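As they're listed, the protein sequences go chains R and Y. Under the UniProt record's numbering, the first residue of the first sequence carries the number 1, and numbering increases by one thereafter. Under the UniProt record's numbering, the first residue of the second sequence carries the number 1, and numbering increases by one thereafter. Here is the structure we will look at, set down as structure tokens.
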Amino acid sequence: MSKPQNAPGDVRSKGLVDYLNDENVRAVLYQVVAIGLIVLAGWYLVSNTLYNLEQQNISTGYGFLDLEASFEISETMIDYSAQSDYATALMVGLLNTVKVSLLGIILCTIIGTIFGVARLSSNWIVRKLATVYVETFRNIPVLLQLFFWYALIPSAFPHPRDALEPLPGVLLTSRGMYLPVPEPDNAYTLMTIAAVISCVVIYFVKKWAKKRQDATGQPFPMLLAGIGIFVGLVLAAYLAGGAPTDMSMPALKGFNIQGGYNISPEFMAVLIGLTVYTSTYVAEVVRSGIQAVPNGQWEAADSLGIRRSIALRKVILPQSMRVAIPPLTNQYLNLTKNSSLAVAVGYPDLVSVSNTTMNQTGQAIEAISIFMSIYLGLSLLTSLFMNWFNKKMALVER
Amino acid sequence: MSENAKLPPLPTGTFSERAVAWSKKNLFDGWFNTLLTLGSIAFLVWLIPPIVEWAIINATLAPSIEACAEATGACWGFVNANLRLILFGTYPFEEQWRPLLAMILLMGIICGSLGAVKYPSLRKAIIPMWVIGVPIIAILMWGGVFGLTYVQNSYWGGLPLTLILSSIGVIFAFPFGLLLALGRQSHMPAIKTVSVVYIEVIRGVPLITVLFMASVMFPLFLPDGVTIDKLLRAQIGIILFTAAYLAEVFRGGLQAVPRGQFEAGDSLALSYWQSMRLIILPQALRLVIPPTVNSFISMFKDTTLVVIIGLFDFLGTVKLALRSDPAWTKYYVEGYAFAAAIFFLICFSMAKYSAYLEKELRKGEQR
């Protein structure tokens, strides 16, 4: 019997052409060809690379990471000297990238939210000012902004000899800003532990408060209680640690300022540039997030007799967050990626340190593969976290 | 009748009465708004006069270092004296009409392509414009034929280079991005995986790493004896980078086309490529025009990154001019302000146009 797809009277057996017209067979064929081409291209490039490396007497592998780096890094968050190995140097770069990105993310969120709300203000002049800010700084390349701040900061502030002192202990000089910091003491370790413990305690109290409100309808002043627990525990740890009061004050010694915590001009330039640039995008995200909540939601809250401040917190913001989180994630990722421009102003971030490593060792492929995979890892981590957060905030439909 | 009762009353009264009413509503509505208004005005009074004084009143245009040293305001003379270096980089002085012409031609093509969205009669001209225009630009820039002297591309620089890198980047990334977007939508697991991995890896790393890869690793990839120059490597890096972003833009467009359209293609027994070409892509690409323009804007801004790998784009030539004479170095504010103004003009007008297009394209849906 002929198969159903063959017309009656068709005596041909299934030939090669029929096979080639079969969608599934074609799909397999296409994929085999595509993979084959990619493998071929990859093999060609790899063999060329290996040949070229052999010609240039460059050995491959990550062994160079254990060698002495023998270059100084101006800003380090961990112990590092020119005698440390390359792996430590790259770690210093990574930490610097994380530092500037985290601070930038926090600052651009605050500034961006202010300008995003200001663009929706009922006040005409505030609205226009916010628009000018957003339109100006988002349409100028971020690298140009970095160059500008980097040129401005050293020339806008005086030589360390005549440092400006806007607040007691805070010095502004052409070599950056100096802040007084507490001398290291065991009490601060204790306080950090107390802060972590208080967060755990607050989490459980919040759970209990929610349960109680669900059962009895009685609200619990969570915000006050939370602040109380946190401040109380940290203060207790401070007192238990002996309440140290020694401060490291920055002061002029010889030709430079000693002591205190130095915020370098490079760091300031990168931070200001990234924050200003990204805050304009955050402002737009915030604005569209708020605009996405229909006016009816305000009116519904009004008609339920909910106070406006509570309506904003409990009705409007949760809904606008839902709209704003995915684009906000993108902006945070962009800021983290743009922090690689630090290399242009000499802030020792991951790319900058890798670049030095690359130039010293000639291990281009290894260095590039390291920083590319680290950025990829950072991006993946951020998007995983934000996806989780997004799911938590997402609308639970029936 | 009741409809009319709901309308707000028409503004009446003299101009000054209306002005007072307007400012009451928009500026002095409650104590908080009054405070904000007064604060903003104080801020503007603090900010604007010194800037005007610096940039216009006390400024000098004279292209000499002496005049600048005397002036208490801005030294636009720096820009004036170095204008051709800033605009065209180290391109041979006598031949600088060529990059100027190329730049104008390129801007014309870009404007024509953007205008085609609004004026459908231009639509058929887009592909011929690029196919004819790009070789003309290449001939103008490189020369070597028709009596034009040959200019190595290591001498190219300034605004033409920025425009070339970004527009060629987007144009060449266009087909590649489209293929990647189709690959991502594909039912074939291997092709889908390859596309997804490519898109996500490139989008996960900063452009500067791709440029580093292009400038350092590409020479290693090539067989012995074959070399490609720095500019071309950067251009390839930019194309590879842009393609991943465009792919996501196109995916948005493809997903916005209703399923019924795909099924309609199937039911007419069109092949995959036929239904894509005739049914899906015309609809999808129309939707993605505004975000594509936005990609072009961000590419235009990101092209400045080639400074880091040692090319002299528009930002690079400004830095070059600042360093050309130690006496000029302190006029960096003027130099960067000039570059910022040009970038702003181009990006802002394109962004406004793209927002306008978005509104225009949505008109059809509002019935």
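Backbone N, C-alpha and C define an ideal beta-carbon position, used for all residues, glycine too. In this text the structure is predicted, and so the values were computed from the model without any measurement.
Here Glu68(R) is bridged, per DSSP, to Asp85(R).
Per the Cβ contact rule, the segment 346-356 of chain R is in contact with the segment 83-97 of chain R (3 or more Cβ pairs under 8 Å).
Distance from Tyr155(Y) to Thr90(Y) at the Cβ level is roughly 5 Å; contact confirmed, criterion being Cβ atoms closer than 8 Å. In the DSSP assignment, Asn256(R) falls within the beta strand (DSSP E) that extends over Asn256 to Gln258. Within the segment 241-301 of chain R, the runs of beta strand (DSSP E) at least 3 residues long that lie entirely inside it are, in chain order, 251-253, 256-258 and 261-263. Taking Tyr30(R) as reference, the option from Phe15(Y), Leu47(Y), Leu311(Y) and Ala190(Y) with the minimal CA-CA separation is Ala190(Y). It is roughly 23 Å from the alpha-carbon of Leu172(R) to the alpha-carbon of Thr329(Y). What Cys347(Y) touches in chain R, judged by beta-carbon distance under 9 Å, is Arg138, Asn139, Ile140 and Pro141, going in chain order. DSSP places Pro290(Y) in no beta strand (DSSP E) but in the uninterrupted alpha helix (DSSP H) bounded by Ile289 to Asp302. Within the same chain, Val210, Leu211 and Ala214 come within 6 Å of Gly237(Y) by CB-CB distance, once the 5 residues on both sides are set aside. Contact annotation: in the segment 350-373 of chain R, residues whose CB is within less than 8 Å of a CB in chain Y are Val351, Asn355, Met358, Ala364, Ile365, Ile368, Phe371 and Met372. Taking a beta-carbon distance threshold of 7 Å, Thr49(R) counts as an interface residue toward chain Y. Nearest CB-CB separation between Trp124(R) and chain Y: below the 7 Å threshold.
Contact with chain R is found for Met213(Y), since one of that chain's Cβ atoms lies less than 7 Å from the residue's Cβ. Within a 10 Å sphere around the beta-carbon of Pro206(Y) sit 16 or more other beta-carbons, which makes this residue buried. Non-local C-beta neighbours of Ala236(R) in its own chain, meaning closer than 8 Å and more than five positions away in sequence, comprise Ala194, ordered along the chain. Annotation for Val170(R): the continuous beta strand (DSSP E) segment containing it runs Val170 to Thr173. Nearest to Asn262(R) by C-alpha distance, out of Ser74(R), Val28(R), Leu65(R) and Gly36(R), is Ser74(R). Within the segment 184-205 of chain Y, contact with chain R at the beta-carbon level (separation under 8 Å) is assigned to His187, Met188, Pro189, Ala190, Ile191, Val194, Val201, Arg203, Gly204 and Val205.
Here Leu164(R) carries a strand assignment [DSSP, helix/strand/coil]. Neighbours of Val343(R) in chain Y, taken as residues whose beta carbon is under 8 Å from its own, are Ile208 and Ile308 in chain order. Close to Ser340(R), with beta-carbon spacing below 7 Å, are these residues of chain Y in chain order: Pro206, Ile208 and Thr209. By alpha-carbon distance to Phe343(Y), the top candidate from Trp43(R), Glu23(R) and Arg138(R) is Arg138(R). Using a Cβ distance threshold of 7 Å, Ala321(Y) and Leu85(Y) count as a contacting pair.
When the Cα atoms are used, Val285(R) and Ser298(Y) turn out to be separated by approximately 17 Å.
For the segment 320-348 of chain Y, the set of positions with a beta-carbon nearer than 8 Å to some beta-carbon of chain R reads Lys330, Tyr332, Val333, Tyr336, Ala339, Ala340, Phe343, Phe344, Cys347 and Phe348 in chain order. For Val315(R), the closest C-alpha among the options Ala292(R), Asn334(R) and Leu333(R) is that of Ala292(R). Judged by DSSP in its simplified three-state form, Pro128(Y) adopts helix. Between the alpha carbons of Leu333(R) and Thr382(R) lies a gap of roughly 7 Å. By the C-beta density criterion, Phe385(R) is exposed, having fewer than 16 other C-beta atoms within 10 angstroms. Val33(R) and Gly176(R) have their C-alpha atoms spaced approximately 58 Å apart. Under DSSP, Tyr336(Y) shares a beta bridge with no residue.
Contact annotation for Asn52(R) against chain Y: Pro219, Leu220, Phe221, Leu222, Pro223 and Asp224 [CB-CB distance below 9 Å, chain order]. For Gly362(R) and Ile58(R), the gap between their C-alpha atoms comes out near 7 Å. The continuous alpha helix (DSSP H) containing Leu315(Y) extends over residues Phe314 to Ser324. Of all residues in the segment 142-156 of chain R, only Val142, Leu143, Leu144, Gln145, Phe147, Phe148, Ala151, Leu152 and Ser155 come within less than 9 Å of chain Y when Cβ atoms are compared, listed by chain position.
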